[in-house]
Every structure is written in structure tokens, then in C-alpha cells.
Amino acid sequence: MRALRELSPLGDLDSSGLSEEASKSPLPKNTRNKKGKSGPRDPSGQVPTESEGHGEPSRTSENGAVPPPKATRRCGRKPKAEMLLLKLSQDLECPAPESICVQKMLGSSEEGEGPENPPGGRPKRRAAKVALLYLQELAEELTSVYQPPPPTEEAQEPELERVPKKRRSRRRKEEETDSDDPAQDADFVPSKEVLLQAEEEEEEGSDVGLSEASEQELEPLRAHGGKTSSAGRSKPQCRGIAPNGFHNSIMAPVEKCSSLTCSLRDQKHSQWEFPDWIPSAHKWTCLSESEAAPYLPAEEKSPLFSIQREGIKDDGVLYRVNRFSSLQPHQERLDVSFFVGGPVWALEWCPCPAGSVAPQYVAVYCHGSMGETHSTAGLHHGPTLLQLWDLGTLQPEQGSADKASLAYAIAADHGCVWDMKFCPSGAWEPPSTARTHPQMGRLGLLAVACSDGKVVLYSLPHPGALQRAKTTQVKDESFHKHLICKVQCVATLQVGSIQAGNSSECGQCFSLSWMPSKPHHHLAAGFYDGTVAIWDLLTKSLLQCVRQPDGSLKLYPFQCFMAHDQAVRSIEWCKADSNFLVTAGSDRKIKFWDLRRLYEPINSIKRFLSTEVAWLLPYNGVTVAQDNCYASYGLCGIHYIDAGYLGFKAYFVAPRKGTVWSISGSDWLNTVAAGDITGELVAAVLPDLAVNPLNVKRSSDRRFPVYKADLLPCSPAGPEGSVQALPKTRLYSEMVAKSYIQFRDMDLRSFKNLPSREPVRRMHTQEAKAELILDRLQLESLHKVRFSPNLDSLGWLVSGGQAGIVRAHCLAGLAASTGRRLLPECQARFSALYGDKPGSPGPPQCSPLPAE
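Residue numbering for the sequence shown is -6 to 845, as defined by the working numbering.
Here it is as C-alpha cells:
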């Protein structure tokens, strides 16, 4: 009966078989005006009767007969169902139309005459007969043509619970208004099939309300956008607390985003790209101690620091780590800490297929010295060092048992590095890939934005393959103890043309974004003068691609446009549609671009000085980190800004007292993390930003600190009994001699009792009353934050700043449920693809789980 009701052109039928559209009752369920607004309704769900002053006058004649239903006045042609109903009612040969109460008539087969319009009720209509006849004919036609598959219990049970709730108000209303004897309306006897269906509907339509269990079963559907009984009228809500301590309303968008991310990666990510760019051992030259010295960071030891973990008694141990060394991961918290030698200004994870259970790598760039500064106006050349760190095999619930180690480093002469981006997919192959010498197994493709105005592309080999290739070449112990190499890049990207000079007129390159959709052949970069350039990495055009004598390529952009009046500080590609791009410039504007129509931006927003943007997959806007120099009082921090399509106002994600240097988002966890000048790394679980975020309540319950770095004074013997204040100096040597850094970590395995926990209370206090001291070196400030894009290292967050100490933390409380749900099947798929056999030169990437 429900299937017939959904497919019937008569509209939504009540339990008596009447069509609300066809049978024009004086008391319809929802009296609607021309604008579609509902009429008055009392709290019990009953429409007021005529005696209460809300009903319409009865359209009965003096003898009690009811005229045929009057068609609704509409512009244009009448509905087919209404015309058919009127025709059938006119063709029936009966002396006079009679009123029928179908619900009471279904239980009686006696014939008789009775009052046509009972007092205080609505008039009887013989249209019920016509409707039931029509339904019988329609049922025979539909069942002979279409047999729908039986729905599953999970999908059917909420529907069975919702539909009767809609019919109960009509049935209860008819029982109150129709008080005549059902034997008087027995001029039409329905078939046995109709009687059985009516009995089933009566059982479904009992007055028992939705139980708590039914509401809990509806919650997953609501969380994933499923329809509810009040779809479009009331906001779905999730009740209860999730196992990790967050409210279910906070965790519902996380589950939704993880499913969407699986679906997108299955569609947008590639199996194997750029097959010609395979690392070759001939293009990697190991450096000796003397050759590597100019490229090494100046500091050989880290500043003093201690780590205080929530829930673990602090033993007050002070650590000082050597350059390119790390601490042993904590047995319970699994956090990783290592020293790179200088202030960190570029950081990026190396992508790998889901389920590969492969080691995770992070590329890091740091300045050569703690006091090194660079003018943004001119071009800069000089030695630089790119570091690739091996963090081991990371899983959401287990960290690496080994310490982080420097896999190898690349010595270059392109000046400082402002941004780095790996190819999103299609560049990784298994370490056991069989390749003939001099080729090596490829780990990834890395694009580097340099201060000399160029973008350099490197094809990175697996560390094991590079070690094996260099073992036969290096026979002298004078080589550096760490593997530091001079590398010939596969391509150099610069602005201009083949007729222009080598020097770029656009200035330094500050930001990069790799096209997120396969074949990942476009790369966009933002420059000092406000130019955005886009290269085609697979072009064969002689005007855009020039092969150099050393075999590398020099590429020129196929598209350039002036995006801002000043430097482009951040650029991000839309992951859902590669036709859209967002840029943030030093002119305080954020602009959304359609690359098919670049004569003007889709939207331009001038608010504050933005430092970095993060565009999460499911949403129509970006999350923005900002400098506090132009922000209004109380509005400095992290904002979500809609692109303009939905017209939502900016959503305040988290307040920050100091400049937020970096922000990163996790598509898997629907979470953003940001590091600021005060040394605090804070994470916030976003709401469902596909709906208006102004309705989000208690946004403070969604954010929490990962850790807080404080600079504290100390004496040469240690911090105990020290009474001296922090030195007001910008010299690193003086600051490191009289102070140490204290990292206070939060227990991220659970978020139970979040508002009352000490790290959260400290975070809220500093958001309101923190003071910035800018007349000294901000040794505790954080410059770069990055979420891992890989499912195998789901929830891992790496950060680094002025002190040169890079730390990695796992948001295990958020990642555990998603990892348990997605990882096992992805690992099974990866094993089925590769097994114990070595990979082929073009390995297919493990396909993620489909969206649920």
C-alpha cells in the first residue's frame, strides 16, 4: 500500500484512500494560501474545526447532497489525476452523491442510508469510492509492470516508523468528526486485498509514538543526509555522546566527510602518472663533508625543551637534541619530536595509497640560521637544504616504534623555500618495485617554490633504493654521515616565454597548489607581484616546453593572470571541481576564481590580512588563518568564508590572540588545525558547513589544544628556583642561553569531560586574556602545520616553528572510529593488488572504499 501511495498521481493519500489534492475537503490537513504557507494548527496536530473559527463553511445543499469536488483554481492545465477523478464521478450512474467514511466502512458490508452531513463534522463525499477504484486499477497496472525489490530492514524500518506518524493525525481527526453508523455508507464494498492492506495500515498507524530506539536508528540517516519525517521543516538532531567523548552532533559530519573523501579519491585520484619522470641514480650525487657544509643549517643543537603530558606526572627532564636527531616516541602518547637545525617555513606529507602500510615521510625546509631574514621584494639565490624525514609506519591507534630519522637531504642553490607540494596521487610505487639500474623506485613528485622566482620539480626515490644505488659509488669515508645529495631536477617552471630572459619579473614564488584531479597535469603558483601562473606539465608545445642540455625540461605557463595587487600569499585548488581556485593576497583580499572565466573573480572579499587558506572537500568555502594586524577587536582568529554561492556569513571557527601563521585541514576528519605566534596548536572539528553555520551552538565545544609551547626563563642549573625574567632581545644566542621551551601536550586519545579539562580551560583563558610580548624573539611560535592526507596515517598532525623542533601528534580520539571502519578493507585491496610479488613499473593505486 505504501508503494502505491508513493507512485500514485493522486498525491499523498490518507488512510481512507482519499487524495488531499483530488478530494477538496472543507477541512484539509494543511490549509495553504497562494504562497504555500500552512494555516493555523494547534499543538496536538489537529486542524481547528469550523466551530473554533478556523474552518470553511460546508459546501452542502439544502437536501444534504454534496456537489462534486470543485477543482482548484490554478494557472494552466489541471492535473491529470484531478481531471480523471472528476470524469469518473460524473460518469457513475447514482441518484445522488453519498458521503462515505471509508475507515469505518472498511469493517462493514451492510448497505443503508444515513445522514450525509453529521453535525460538527465534515461532509461525506462519494469521491472516496472513485479514489479506491482508481487505486485498484492502478495497482493492477503497476504490479504487472514493475516489481520493486524488497528494501532492506535498515532502510525500511525508519520509513515504516515515519509514514504512520503522518497518517495518525488524519485518522484521529476523522474519528472525531465522523460519528455516524458505518452501515449507512456500505454502498461500496472494497475487495479483500484492499481490506487486508487497510488492516496492515491500521496496525502501522497505532498511536504509539516513536521510541528512543527508533530515534537512535534515524540518527545515522540524518547524519548522512537521509530524509526524515520533517525533512525541510526541522533540523535533524543527533542525540547522545560518541565513544570518544564528543557529542554525536559533532561527530556526524566527521563520518559524512570520511565517506565523501573515499568516494572522491576513488573518482579523482590516479593509478599512475608521469611515467617518464623516474628517478635515476646518475642524477643523484652524494656530497662529502666539505661539500655539504655550506648547505647545512647553522645550529647543531636544539634549544632546551621539556614535554609535559596531560595525565602523566612531569619529571622535569630537559632535552637538547642534536641536529638531524630525534627523541624516542612516547610509549603511550606516541608523539614524535626531532630537530631540523633552523626555523621551519615549509612542511608537507608525502602521499601514499590507502592500505599500503608503508612508512610515512615528511618533507621539511628550514632557514639556514635562527636569525636569517629575507626581503620579499627582490629575488634571492643561495644554498638551501630540503630534508626528507622517515616517521615510520603510522597507524591511527599505534605509532612508530622507532625514532624519526633523516632519510636523505637535497642540496640546492635556489634560495629559500616558501612552499612545497607533492603530487596528490599516481607518483608512489612500492619500495620493492623491480627496476633496472640506474632507475630507482619512485616515492613521489615534489614541487618546490623558491625565492629565485622558479618552481623546481624533483622525482624522489625511495630511501632504500637510493642507499643501494650509492653503496657501490661511495667508497670513501669522507662523505657526510647523512645522505646529502645534489640532484638534477626533472623540470624547472618559470614565468615568461622562450623569448624572454631567464630572470623572472614576477618576483619570488610564495605559494603552490597541485591540481587535485587526475591526471594532475596542472600546477598553479602565486608570485610577489600578484601574478598567478598555471603550467601544463604534460605539454608538448614547443612554445611552452624546452628541453635542456642536461635532459631536464624548462616549462612556461599556458595561463597567467593578475589575481591581486600585491603578493599572493596562499593559493588552493578546489578538490571537488578543478575549475575553481582561491587566492589570498597581501592586499587583504580573498578571491574565488573560475578558471574558465578569468576576466573577474567569482567573489572578492576584503576582510583582513590572510596568511593561509584551507579548502576542505565537502564545502563551498575556505577556512582562513589571518594576521591580527587588520582584524577587528574580538574577531582575530580562524574563519570559514563561503565562496558566495550559498550566501552564508563568515563562521568564526576559533579566536586567536596572535597571528596565525599556518592552517591545515583533514578531509577525513572534517577538522582544521592552526599554529600561531603564541606557540599554541589548536584543532577544531567543523560543523556541517553545507547548512547555515550561524545556527551552530556552543562552537567552543568543538575546539581543543593539541599542545601549547611556552617560553620560560631558566638559570644555568635549570628552571628550579629561577627568579629571572625572559630577556627582551631578538638575538637567538641570548634567548636560548636564558630560557627553555615547555611543551604541554593534551591527551588526544579521548575527549571526555572536555570543557573541564585543564588544557582546554587554559586555552579558553588565553583566548580571552593572553598578552603578546613582541619585543623579543618569538622562539615558541609555530610557522607550519600539516594534517596527513593518507588513510594509513589518519589523524597524524605535524608542526614546526621558530625553534626548529618538529613534532608529530596523533588525534587518536578522532581517527580511531574512521580508521577501524576504512583501513581493513583498504589493506585487503592493496594486498590483493600486489601480494608478495614486486610491483610493476606502473602500479595501480589501491582504490578506497566507496561512499556509504
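Virtual Cβ for every residue (Gly too), placed ideally from N, Cα, C.
Under the three-state reduction of DSSP, C803 is assigned to strand.
Between Y733 and L767, the C-beta gap is not smaller than 8 Å, which leaves the two residues out of contact.
With a contact defined as Cβ atoms closer than 8 Å, G672 and S774 qualify at about 6 Å.
In the structure shown, E673 falls within a strand segment according to DSSP collapsed to helix, strand and coil. The Cβ atoms of S504 and R562 sit closer than 8 Å to each other.
Taking a contact to require three or more Cβ pairs closer than 8 Å, the region 435 to 455 and the region 368 to 376 qualify as touching. The C-beta distance from I634 to I598 rounds to 6 Å, short enough to meet the 8 Å contact threshold. Rounded to whole angstroms, the Cβ separation of L610 and A569 is 6 Å, and the two are in contact under 8 Å. Leaving aside the five residues that flank W411 on each side, the residues in its chain whose CB is nearer than 6 Å to its CB run, in chain order, A442, F503.
Under the DSSP definition of a beta bridge, L790 partners with F780, H802.
For Q619, the enclosing beta strand (DSSP E) starts and ends at 614 to 619. The beta carbon of S318 is closer than 7 Å to those of F331, F332 in its chain, skipping five residues each way along the sequence. For the set P686, S655, K261, A677, the Cα lying nearest the Cα of G419 is the one of K261. Around the beta-carbon of N783, 16 or more other beta-carbon atoms lie within 10 Å, marking it buried. Going by beta carbons, L602 and C622 fall inside the 8 Å limit. Y638 and A607 have their C-alpha atoms roughly 18 Å apart. With respect to the 8 Å criterion, G434 and R428 are classified as neighbours on the basis of their beta carbons.
The region 575 to 594 makes no contact with the region 530 to 549, as fewer than three CB pairs between them are under 8 Å.
Here the region 352 to 370 lies against the region 284 to 304, with 3 or more beta-carbon pairs under 8 Å apart. Taking the C-beta atoms as reference points, G794 is found nearer than 8 Å to V337.
Contiguous beta strand (DSSP E) elements confined to the region 290 to 314 occur at 298 to 302, taking only those with 3 or more residues. Checking the DSSP bridge columns, you'll see V606 partnered with V617.
Note on geometry: alpha-carbon atoms of L476 and P454 lie some 13 Å from one another. Of the candidates R800, R302, I243, R800 places its Cα closest to the Cα of V314. Distance between P423 and Y354, taken at the CA atoms: about 14 Å. Distance from the CA of V653 to the CA of K690, rounded to the nearest whole angstrom, comes to 24 Å.
Rounded to the nearest whole angstrom, the C-alpha separation of C478 and T464 is 13 Å.
Sixteen is the threshold: since fewer than 16 other Cβ atoms of the shown chains lie within 10 Å of the Cβ of I234, the residue is exposed. With contacts defined as CB atoms closer than 8 Å, C250 and N663 qualify as a contacting pair.
Going by DSSP, N596 is part of the beta strand (DSSP E) stretching over 596 to 599. Separation of the CB atoms of T524 and C553 is rounded to 6 Å, and the pair is thereby assigned contact status at 8 Å. For the pair S571 and L591, the Cα-to-Cα distance works out to about 14 Å.
Counting only the Cα atoms, R258 lies some 50 Å from M76.
For T485, the pairing in a beta bridge is given by DSSP as V449, K547.
By a beta-carbon distance limit of 8 Å, P456 contacts A400. Their separation comes to about 4 Å.
The alpha carbon of D269 has as its nearest neighbour, out of V483, Q487, K777, the alpha carbon of V483.
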